[in-house]
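So the first sequence is residues 12 to 503, counted in the numbering used here. Note that CB positions come from ideal geometry on N, CA and C, so glycine has one too. Computed from a predicted model, the values in this text were never measured in an experiment.
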Amino acid sequence: MAKLTKLDDIVSLCKRRGFIFQSSEIYGGLASCYDYGPLGAELKRNVRAAWWKAVVQMRDDVVGLDCSILMHPMVWKSSGHADKFADLVTVCKKCNTRTRVDHLAESDKPAAAEHTEHVDIEVEAGKEHNLGGKVCPACGTVGQFSKPMAFRLMFETQMGANADDTMTLYLRPETAQGIFANFRNVLDSSRVKIPFGIAQIGKSFRNEVTTKAFIFRTREFEQAELEFFCKPGTDDNWYNHWKEQRFNWYLNLGIKKENLRFRDHDPDELAHYAKACVDVEYKFPFGSGDWQELEGIANRTDYDLRQHQRGMRTMNDWFEQKGDLSKITLRDEDPDYVKGPLAYFEEETRERYVAYVIEPSAGVDRSTLAFLVDAYDEDEVNGEVRNVLRFHPHLAPIKAAIFPLVKKDGLPEIGRKLYDDLKKHFNCFYDEKGAVGRRYRRQDEAGTPYCMTIDGQTKEDGTVTVRERDSMVQCRVAIDQIKSFLREKLDL
RNA sequence: GCGGGUGUAGCUCAGUGGUAGAGCGUCACGUUGCCAACGUGAAUGUCGUCGGUUCAAGUCCGAUCACCCGCUCCA
């Protein structure tokens with residue numbers, strides 16, 4: 012990228028060219044929500060398609076899935092989100108530091124208790140919290156706390172139009188759990204055998220305490236996740252396999268090598284269920300902390316499937332407590348859990364085990380932004396600055412533009428015909444207005460790899476001028492060869 | 001949630017309490033005809049929103065919304 016050095020520049024570019032707008036802008040905007048404009052929608056669609064092609068279509072060992080966003084509440088009880096995705100937080104009036112209420116120590120006791128028990132926000136928030144004797148861990152001030160604030164990290168909604176007969180559901184905070192919940196279905200219906208993966212792209216929702224940084228951290232976001240199931244003991248190899256696969260995916264789609272890196276998680280940074288985790292990071296041109304996560308690749312062990320086996324054993328409690336998750340404790344694991352409903356039987360060795368899971372989890376919005384930023388470039392042509400988005404052809408929103416050189420002499424008719432033919436195969440754009448140089452530059456800013464110009468010579472020998480985006484080099488191609496020319500050049 | 005900053009045309013931005021501006025872009029016409037050409041003309045504004053002060057508010061005051069920077073937070 013040349014001169015995109017501030018987030019403001021990116022926001023401005025995105026809006027000016029119709030990639031990304033603020034949501035509900037005519038009403039003053041809605042925090043943390045963004046919309047994709049005409050070019051952005053195409054770009055994001057292409058990012059999804061490229062992911063799906065690499066992770067599903069080109070693999071013999073991965074199948075796709077598309078789950079509902081709303082799922083049975085017990086899914087989130089089993090996954091741990093229902094218990095651990097909510098906290099009460101208070102602010103020290105002296106030093107303005109935030110601390111979780113359950114982390115506060117009494118002034119006469121040395122250590123704060125770690126948060127292990129479930130916190131029922133409804134109950135806790137209604138209670139009088141006596142923080143008078145509590146000490147701020149940051150500045151040591153005693154008893155100077157604001158009223159505790161509840162942070163629920165899962166969005167809630169009500170299912171059922173009848174107000175007397177509704178059920179509280181959660182908008183999924185990750186797509187992964189839908190995959191685990193369908194593990195058995197896929198296994199029983201698609202003749203897959205371990206090792207194999209299930210992939211899914213879809214929206215997730217998290218009530219982040221803070222958002223910021225444009226579309227980088229939003230409360231509604233899109234994930235592209237793969238859960239790859241493998242035999243315990245082979246998980247380290249598969250972890251490394253997917254690390255490499257996923258890193259190369261970004262490079263193959265044109266991300267500059269110097270802007271991409273791995274960052275391994277420290278052991279104390281790992282979630283309690285993860286054996287290993289690495290982030291793929293991109294060097295965004297934001298103000299601070301340049302390197303930001305695009306994707307996390309984790310070894311989740313057999314934690315999730317075992318948790319769901321516990322959850323399935325807990326359904327009686329669910330009914331008995333009338334669906335009140337706060338009154339339910341997951342039942343202990345069956346000592347014979349390797350024979351459980353989500354376990355796997357390996358024919359060849361006659362072994363039973365619960366599969367380990369390698370999870371590459373990518374942010375579609377983050378990747379889209381990275382591809383956009385990375386493709387941005389400024390050229391100098393005859394003393395003029397040329398803005399160009401050097402998208403990989405697979406990602407380019409428009410693959411080819413068709414221009415009659417002038418709007419007369421029958422050239423528009425020829426151009427129209429070519430356009431009508433090409434648009435059946437590629438996303439194309441037709442433009443006959445204004446100077447052709449301007450039309451070229453406009454397509455450069457949209458990242459269109461090729462422009463085709465119908466000129467006087469077309470009527471003589473049936474060739475058109477093909478102008479290439481990055482080099483601006485022109486050549487002549489027979490009009491009836493254009494389709495195969497594009498197929499070859501765009502690798503489509 | 002705290003502190004700092006910003007908000008005026010599609011974009012970048014001027015604008016001293018007294019008629020809403022420029023450049024770029026967009027559109028039309030003419031000329032031209034292969035890299036943002038030229039000429040003429042046009043359209044586009046709840047000045048983020050709401051309220052207050054004032055004869056008069058884009059400008060002063062208050063609140064609020066959104067964004068940016070820095071904290072805080074980030075199972």
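What are the start and end residues of the beta strand (DSSP E) that includes residue i?
i: T221; result: That residue, T221, is in no beta strand (DSSP E); it is neither H nor E in DSSP.
i: L305; result: 302-312
i: F273; result: 271-275
i: I31; result: 31-33
i: Q169; result: 167-170
i: R487; result: 485-489
In or out: residue i buried (at least 16 other Cβ within 10 Å) or exposed?
i: A42; result: exposed
i: H92; result: buried
i: N550; result: Nothing can be reported for residue 550: it is not among the residues displayed for the chain, which extend from 12 to 503.
i: M463; result: buried
i: D313; result: buried
i: K17; result: exposed
i: T340; result: exposed
i: V396; result: exposed
i: Y367; result: buried
i: C10; result: The displayed coordinates of the chain run from 12 to 503. Any statement about residue 10 would go beyond what the structure contains.
i: R9; result: The question about residue 9 has no answer here: the residues shown for the chain are numbered 12 through 503.
i: K470; result: exposed
i: P404; result: buried
i: Q169; result: exposed
i: R202; result: exposed
i: V384; result: buried
i: F225; result: buried
i: S495; result: exposed
i: R217; result: buried
i: K435; result: exposed
i: D472; result: exposed
i: T229; result: buried
What are the partner residues of residue i, as DSSP defines its beta bridges?
i: F356; result: R363
i: C241; result: Y367
i: K294; result: W302
i: L81; result: L182
i: Y441; result: I413
i: E231; result: F216
i: V58; result: Its beta-bridge partners do not exist; DSSP assigns none.
i: M463; result: I413, V477
i: S372; result: E236, G307
i: D549; result: The displayed coordinates of the chain run from 12 to 503. Any statement about residue 549 would go beyond what the structure contains.
i: I209; result: V74, E238
i: A4; result: Outside the modelled stretch of the chain, which goes from 12 to 503, sits residue 4, for which no answer is possible.
Looking at the secondary structure, which residues open and close the alpha helix (DSSP H) in which residue i lies?
i: T379; result: 375-386
i: C44; result: Segment: none, C44 is in no alpha helix (DSSP H) and carries neither H nor E.
i: I21; result: 18-27
i: N196; result: 194-200
i: Q468; result: 467-472
i: R453; result: 447-457
i: R401; result: No alpha helix (DSSP H) contains R401, which DSSP labels as neither H nor E.
i: E424; result: 422-433
i: R70; result: Run containing R70: none; DSSP gives neither H nor E here.
i: R257; result: 246-263
i: R498; result: 493-501
i: D328; result: 326-331
Report, in whole angstroms, the separation of the C-beta atoms of residue i and residue j, which I expect to be a contact under 8 Å.
i: R257; j: P84; result: Contact doesn't hold; Cβ gap of about 32 Å is too wide.
i: G421; j: I413; result: About 15 Å separates the two Cβ atoms, so there is no contact after all.
i: G448; j: F232; result: Their Cβ separation, rounded to whole angstroms, is 40 Å, which puts G448 and F232 out of contact at 8 Å.
i: L264; j: A52; result: No, L264 and A52 are not in contact; Cβ-Cβ is about 18 Å, not under 8 Å.
i: L406; j: L54; result: 6 Å
i: R342; j: R361; result: Not a contact, Cβ separation roughly 29 Å.
i: C439; j: I465; result: Incorrect: roughly 14 Å between the Cβ atoms, too far for contact.
Any chance the CB of residue i is under 7 Å from a heavy atom of the ligand ADP?
i: Y261; result: Among the components of this structure there are no ligands whatsoever, and the ligand ADP is therefore not found.
Pairs of beta-carbons, one from the region 68-82 and one from the region 196-216, closer than 8 Å: are there three or more? yes
contact_flag[the region 376-386, the region 342-352] where n(CB pairs < 8 Å) is 3 or more: Judged by pairs of C-beta atoms under 8 Å, the region 376-386 does not touch the region 342-352, as fewer than three such pairs exist.
Hey, is the region 46-54 in contact with the region 21-36, meaning 3+ C-beta pairs nearer than 8 Å? yes
contact_flag[the region 264-272, the region 284-294] where n(CB pairs < 8 Å) is 3 or more: yes
Just checking, does the region 386-400 make contact with the region 448-465 on the three C-beta pairs under 8 Å criterion? yes
Stretch-stretch touch, CB-based, cutoff 8 Å, three pairs: the region 303-320 with the region 349-358: In this structure the region 303-320 touches the region 349-358; the number of beta carbon pairs closer than 8 Å is three or more.
How about the region 74-89 and the region 182-195: do they share at least three Cβ pairs that are nearer than 8 Å? yes
Taking three-plus beta-carbon pairs below 8 Å as touching, is the region 241-257 in contact with the region 384-394? no
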